[in-house]
Amino acid sequence: MKKLVKILEIVSYSPPRTGWSIRVEYLKKQLLEMGYECQILNISPESRRIKSDEYIDVQNGIDYIFKLGKFCLSGYRIHMHVNGQSPKGFILTLISEIIGLVLGKGCFLTFHGGINQRYFPRENSYWILPLISIIFKLPEKIICNDERIKDKISEYGINRNKIVSIPGFSKQYLSYKETKLPEDLEIFIRQHEPILSSYVFDRPQFYIPTTLQAIKKLVTNYPDLGLIFVGTSEYSQDTLNLIQILNLEKNIFLCKNLEHNEFLTLLSKSKICIRSYEWDGVCSSVLQALSLKIPVIGCENPLRPKGVVLFKTGDENSLAEKIEYVLKNYDEVKENIQLPEIKDTVSTEVELLTSIVTIHHSPFTIHNFFPKFP
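So that you can map any letter, position 258 of the sequence shown is 258 in this note's numbering, and since no number is skipped, the others follow by simple counting.
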């Protein structure tokens, strides 16, 4: 007889699904199909107060604590999602871990993002080192998406046996049905060649000005070139002003987020995918593009898959040169793309989340709260 397992996923779950929320959506679907129980507690700043059948809303800090307690007392095991970018995220994580250990069946932590983040690894986080160390110490298991990130987590004094490397990309990410895109986007694609696409948020770490400056250098030789930014719900006035200053209004399409089928349809229509995010982990959109045999130009990052053409982070000259190189040698670059190995890592993660039913912890001990450092 199958043991009853209840999982509470705590994650930023902004619609449409992107990044972490796509992963959690697949996890929930498989857990439910296997007869387990799963709920999502949405801590997204943009949507957490909106009530929905897809997730549990969070109105404020007291409501967060109350709902954590309610689910833990009902037998739910916490699965928290965090990266190395936000002290607020660390506080929310610590609260969830303590409540999960005291009232529930323990907790799991998935640590997202790459090797170099604002407060990660250890050398980037000295002033909040005790906080991050506690966050890593308390969970039963820590999930990350690469062995090199596992190495960095272990430097906080964490036993490597509790850190599990599970790639964030799974075969489900490539399952899609080609669909009609929004009409204005379809028109833009028909009127431009080549089409480049870039998944971004309008934040400094995505270097949107760098990408725009690079496009400006290329439009003299490629006047019909079109670049589609996708992912940001609202672009800053600085970005809008820069597009005007560079006279790129005809070459740039600012697209809001797309649903999964729409995004992969757009990707399949792109000649090149640009990835400019500085603090990337193993990026899903990069792997999706490579799997579709779409050349990827990405800023320098040790976690980039083989076959990605690298440019110097934040350097518009380097990016422009790489784009022109790929366009001039397109067949060769495409032929040399190495298709990434795609596994069913969602099933691997579900197996881990459901494998430990009874967890024995003594969370309020000096040993647990203040781990030894190497």
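Yeah, the Cβ is synthetic: ideal placement off N, Cα and C, and Gly gets one too.
query                                                                                                                                                                        : result
Is the separation between the beta-carbon of Val-82 and that of Leu-352 shorter than 9 Å?                                                                                    : no
Out of curiosity, what's the CA-to-CA distance linking His-26 and Thr-110?                                                                                                   : Note that residue 26 is Tyr in the sequence shown here, rather than His. One C-alpha to the other measures close to 15 Å.
Drop a sphere of 10 angstroms on the beta-carbon of Gln-438, count the other beta-carbons inside from all chains shown, and report buried for 16 or more, exposed for fewer. : Residue 438 is absent from the structure shown; the chain starts at 1 and stops at 374.
What is the DSSP secondary structure of Leu-292, reduced to helix, strand or coil?                                                                                           : coil
Return the residue from the list Phe-108, Cys-144, Glu-155 that minimises the CA-CA distance to Pro-121.                                                                     : Glu-155
Could you pull out every residue in the same chain whose Cβ sits closer than 7 Å to the Cβ of Ile-115, ignoring the five residues on either side in sequence?                : Pro-121, Arg-148, Ile-149, Lys-152, Pro-302, Leu-303
Can you tell which of Ser-233, Leu-227, Ser-276 has the C-alpha that lies nearest to the C-alpha of Leu-266?                                                                 : Leu-227
Should the region 208-226 be called in touch with the region 20-39, which here means at least 3 C-beta pairs below 8 Å?                                                      : no
Assign Glu-9 to one of three DSSP states: helix, strand, or coil.                                                                                                            : strand
Is DSSP giving Tyr-222 helix, strand or coil here?                                                                                                                           : coil
So Glu-349 packs on Ile-166, CB below 8 Å; how close in whole Å?                                                                                                             : 5 Å
Taking contact to mean 3 or more Cβ pairs, one atom from each stretch, closer than 8 Å, check whether the region 254-266 and the region 172-185 are in contact.              : yes
Applying the criterion that 16 or more other CB atoms from any shown protein chain within 10 Å of the CB defines a buried residue, is Asn-145 buried or exposed?             : buried
Residues bridged to Cys-255 by DSSP?                                                                                                                                         : Val-230
Going by DSSP, name the residue or residues bridged to Phe-120.                                                                                                              : Gln-117
Select from Gln-205, Ile-56, Leu-248, Ile-91 the residue whose C-alpha is nearest the C-alpha of Pro-130.                                                                    : Ile-91
Measure the beta-carbon distance from Lys-67 to Val-58 and round it to whole angstroms, keeping in mind my assumption that it falls under 8 Å.                               : 7 Å
Enumerate in chain order the residues of its own chain whose CB-to-CB distance from Leu-290 is below 7 Å, with the five nearest sequence positions on each side excluded.    : Val-296, Pro-305, Gly-307, Ile-337, Leu-339, Pro-340
Can you check which of these residues, Gln-237, Leu-327, Ile-95, Gln-244, is closest to Glu-193 by C-alpha distance?                                                         : Leu-327
Evaluate Glu-9 with the Cβ neighbour count: other Cβ atoms within 10 Å of its Cβ, from every protein chain shown; 16 or more gives buried, anything less gives exposed.      : buried
Hey, Ile-208 and Ser-276: beta-carbon distance below 9 Å or not?                                                                                                             : yes
Would the region 215-226 and the region 241-259 be scored as touching if the rule is three or more Cβ pairs under 8 Å?                                                       : yes
From the DSSP output, in three-state form, read off Cys-38 for me.                                                                                                           : strand
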